[in-house]
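What follows is a single structure, written as structure tokens, with notes after it.
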Amino acid sequence: MTDQPQSASNPDWQDAVRELESEFGELSARMRQVMAARADRLQPCMLPGTYKVFTTIVKHGPITPSALAETLVADKGQVSRTVRELERSGLIERTADPADGRSARLTATPNGVERLAAARSADPHALQDRLADWDVSDIRTLTRLLRAASTRESPPRSA
12 MTDQPQSASN PDWQDAVREL ESEFGELSAR MRQVMAARAD RLQPCMLPGT
62 YKVFTTIVKH GPITPSALAE TLVADKGQVS RTVRELERSG LIERTADPAD
112 GRSARLTATP NGVERLAAAR SADPHALQDR LADWDVSDIR TLTRLLRAAS
162 TRESPPRSA
């Protein structure tokens, strides 16, 4: 028995996509809750958006403010205000960009990285806990498929 071709005209395909969209919505809501809790643990009253800016600096740093705004697809003014807040909190530092003296590079401070690790590890419902019983191959398959969905790559068809 072969599956019907994947196409927008196939009702089963349409139902599967709608179900996937619904699950993405649930996952997104759960991740917002996790991000809000981690933000508050990192620094009381920190907004989830500020947490996202900080974790992006940790992941991609050192990074220029303009590259940070581009990566986040965010307004440069808002990113600038958030960066100043993170600096005042001692979570990041700004240094001169050796490639362009007019620009700065943003880097997480050692204290910031340490506080982030503590904020992440304190979550009793972290993704690691939810996936504890999963096979590594299943985690990698899910990662590959999510990457393909978010980048428009075509995943290999399953047999």
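Heads up: take any position in the sequence shown, counting from 1, add 11, and you land on the numbering used here. Built from N, CA and C at the ideal position, the CB exists for glycine as well.
- With fewer than 16 other beta carbons inside 10 angstroms of its own, M42 counts as exposed.
- When rounded, the separation of the alpha-carbon atoms in A47 and G60 is 9 Å.
- Taking C-beta atoms as the reference points, V90 and I103 fail to come closer than 9 Å.
- For L117, the uninterrupted beta strand (DSSP E) segment begins and ends at 111-119.
- With a cut-off of 8 Å on Cβ pairs, the region 147-156 is not in contact with the region 127-137, counting fewer than three such pairs.
- Under DSSP, R52 shares a beta bridge with no residue.
- In this structure the region 106-122 lies against the region 71-82, because at least three pairs of beta carbons, one per stretch, are closer than 8 Å.
- Excluding five sequence positions before and after P55, none of the CB atoms of its chain fall closer than 8 Å to its own CB.
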